[in-house]
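Student:
Residue numbers (the working numbering): 19 to 118.
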């Protein structure tokens, strides 16, 4: 497994950032229904866990919404780790747009 660690800064109120991030997984689920399946998420306050399957690979991780940033940490299967840079770039871009 390879680790993916991303921090996305934001200037939103924490509750607004949390609300937007919670909607992100559902948005991905809808937009990528042909690629992403078995989307699971569990929130306890401002921290959440997530997991899903994409193209036959299982991915899981943690999201921590803070006052001035969102931390996303995920475990990537070895085969997917070859695309770690691209995955990080896509997540960062999508989350930055969401939190703007």
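Every residue, glycine too, gets a C-beta built ideally from N, C-alpha and C. Computed from a predicted model, the values in this text were never measured in an experiment.
Would you be able to state if there are at least three C-beta pairs under 8 angstroms between the region 77-94 and the region 29-46?
Tutor: Counting Cβ pairs under 8 angstroms, three or more are found: they touch.
Student: With H, G and I counted as helix, E and B as strand and the rest as coil, what does DSSP make of residue 125?
Tutor: Since the displayed the chain opens at 19 and closes at 118, residue 125 lies outside it and no answer follows.
Student: Is it buried or exposed for residue 68, if we count other Cβ within 10 angstroms and need 16 for buried?
Tutor: Buried, because 16 or more other Cβ atoms sit within 10 Å of the Cβ of residue 68.
Student: Taking the alpha helix (DSSP H) that residue 107 falls in, what are its first and last residues?
Tutor: Unbroken alpha helix (DSSP H) run through residue 107: 102-116.
Student: Could you tell me if residue 108 is buried or exposed, where buried requires 16 or more neighbouring beta carbons within 10 angstroms of its beta carbon?
Tutor: So residue 108 ends up on the exposed side.
Student: For the beta strand (DSSP E) holding residue 55, just list the boundary residues, first then last.
Tutor: Looking at the DSSP string, the run of the beta strand (DSSP E) that includes residue 55 is 54-62.
Student: Please classify residue 100 as buried or exposed, where buried requires at least 16 neighbouring CB atoms within 10 angstroms.
Tutor: When all chains shown are included, residue 100 counts as exposed.
Student: With distances taken Cα to Cα, identify the nearest neighbour of residue 40 among 106, 58, 51, 105.
Tutor: Residue 40 has its Cα closest to that of 58, out of 106, 58, 51, 105.
Student: State the DSSP-derived secondary structure class of residue 35, mapped to helix, strand or coil.
Tutor: Helix at residue 35.
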